[in-house]
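Enquirer: In the numbering used here, the protein residues as written are 143 to 331.
Built from N, CA and C at the ideal position, the CB exists for glycine as well.
What follows is the structure, given as structure tokens:
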């Protein structure tokens with residue numbers, strides 16, 4: 143089987159999710175405000191790498207495949223995917239820590255996946271401006287609608303969806319991509 147190179151980085155990310163799920167899952171790695179307060183600070187980042195259960199993991203794997211199907215050319219390089227995903231995951235965790243003291247726990251990659259999608263929009267300079275604008279408006283509309291009306295995903299995973307994680311992810315992904323573009327451009331000058 144000859145996989146395009148653009149799929150190697152997301153496959154490694156998916157494998158990491160599966161490994162951590164099997165190595166304690168959200169009990170060991172999920173965002174847990176009390177545990178973070180007790181010094182387990184890695185959970186700020188690793189909360190985006192584990193999932194509530196297999197269905198939740200499967201939904202996020204489909205989400206990753208969808209993001210890569212649309213923006214794989216822009217996000218397929220190891221450095222880009224690692225920088226944007228980890229930056230978005232970290233900012234989701236920090237954002238929740240700083241702005242949602244009532245949130246006791248969080249697990250799932252959806253916030254960081256929103257970051258990857260937003261980064262794809264920013265980095266896709268070879269794609270038409272119209273398509274990028276449409277994708278950006280679609281993402282913004284999704285974020286607004288799910289904040290106002292909720293999402294059916296909560297029924298699928300049996301837990302509330304933390305919409306703030308999606309918002310933090312989208313904002314941090316776009317910012318990470320802008321920083322990446324500036325850094326890459328400076329390196330070529």
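If you follow the alpha helix (DSSP H) that residue 152 is in, where does it begin and where does it stop?
Expert: Position 10 of the chain shown holds residue 152. Taken as a continuous stretch (DSSP letters only), the alpha helix (DSSP H) holding residue 152 covers 150-164.
Enquirer: Who are the Cβ neighbours of residue 143 in its own chain at under 6 Å, not counting the five residues just before and after it?
Expert: For this step, residue 143 is matched to residue 1 along the chain shown. At residue 143 the pLDDT is 47, less than 50, meaning the model places this residue with poor confidence; the figure from the coordinates comes in the next sentence. Around residue 143: no qualifying Cβ.
Enquirer: Pull the bridge partners of residue 174 from the DSSP assignment, please.
Expert: One-based indexing of the chain shown puts residue 174 at position 32. 247.
Enquirer: On a Cα-Cα basis, can you pick out the residue from 238, 152, 239 that is closest to residue 215?
Expert: In the chain shown, residue 215 corresponds to position 73, counting from 1. Of 238, 152, 239, the residue nearest in Cα terms is 152.
Enquirer: Between 158, 189, 164, which lies nearest to residue 248 when the distance is taken from Cα to Cα?
Expert: Counted from its first residue, the chain shown places residue 248 at position 106. Ranking 158, 189, 164 by Cα distance to residue 248 puts 189 first.
Enquirer: Can you give me the start and stop residues for the alpha helix (DSSP H) that residue 147 sits inside?
Expert: Walking along the chain shown from the start, residue 147 turns up at place 5. Neither: residue 147 is in no alpha helix (DSSP H) and is coded neither H nor E.
Enquirer: Note down the Cα distance separating residue 238 from residue 306, rounded to an integer number of angstroms.
Expert: For the purposes of this step, residue 238 is taken as the residue at position 96 of the chain shown. For the purposes of this step, residue 306 is taken as the residue at position 164 of the chain shown. Straight-line Cα distance between these residues: approximately 7 Å.
Enquirer: How far does the alpha helix (DSSP H) with residue 110 in it extend, from its first residue to its last?
Expert: The displayed coordinates of the chain run from 143 to 331. Any statement about residue 110 would go beyond what the structure contains.
Enquirer: Hey, could you find the ends of the alpha helix (DSSP H) residue 265 is sitting in?
Expert: Numbered from its first residue, the chain shown carries residue 265 at position 123. Segment 252-265, the alpha helix (DSSP H) holding residue 265.
Enquirer: For residue 290, does the three-state DSSP call read helix, strand or coil?
Expert: For the purposes of this step, residue 290 is taken as the residue at position 148 of the chain shown. In this structure, residue 290 counts as helix in the three-state DSSP scheme.
Enquirer: With respect to the alpha helix (DSSP H) encompassing residue 228, which residues constitute its N-terminal and C-terminal limits?
Expert: As a first step, residue 228 must be located in the chain shown, where it is residue number 86. Counting along the chain, the alpha helix (DSSP H) containing residue 228 begins and ends at 220-241.
Enquirer: Nearest-angstrom Cα distance between residue 292 and residue 220?
Expert: For the purposes of this step, residue 292 is taken as the residue at position 150 of the chain shown. For the purposes of this step, residue 220 is taken as the residue at position 78 of the chain shown. Using only the alpha carbons, I get a separation of about 34 Å.
Enquirer: Under the rule that 16 or more other beta-carbon atoms within 10 Å means buried, what is residue 231, buried or exposed?
Expert: Working through the chain shown from its first residue, we reach residue 231 at position 89. Its Cβ being crowded by 16 or more others within 10 Å, residue 231 is buried.
Enquirer: Is residue 184 buried or exposed, if buried means 16 or more other CB atoms sit within 10 Å of its CB?
Expert: To locate residue 184, count along the chain shown from 1; it is residue 42. It is exposed - the Cβ of residue 184 has fewer than 16 other Cβ atoms within 10 Å.
Enquirer: Along the chain, where does the alpha helix (DSSP H) that runs through residue 296 open and close?
Expert: Taking the chain shown and counting its residues from 1, the one referred to as residue 296 is at position 154. Element bounds for residue 296: 295-299.
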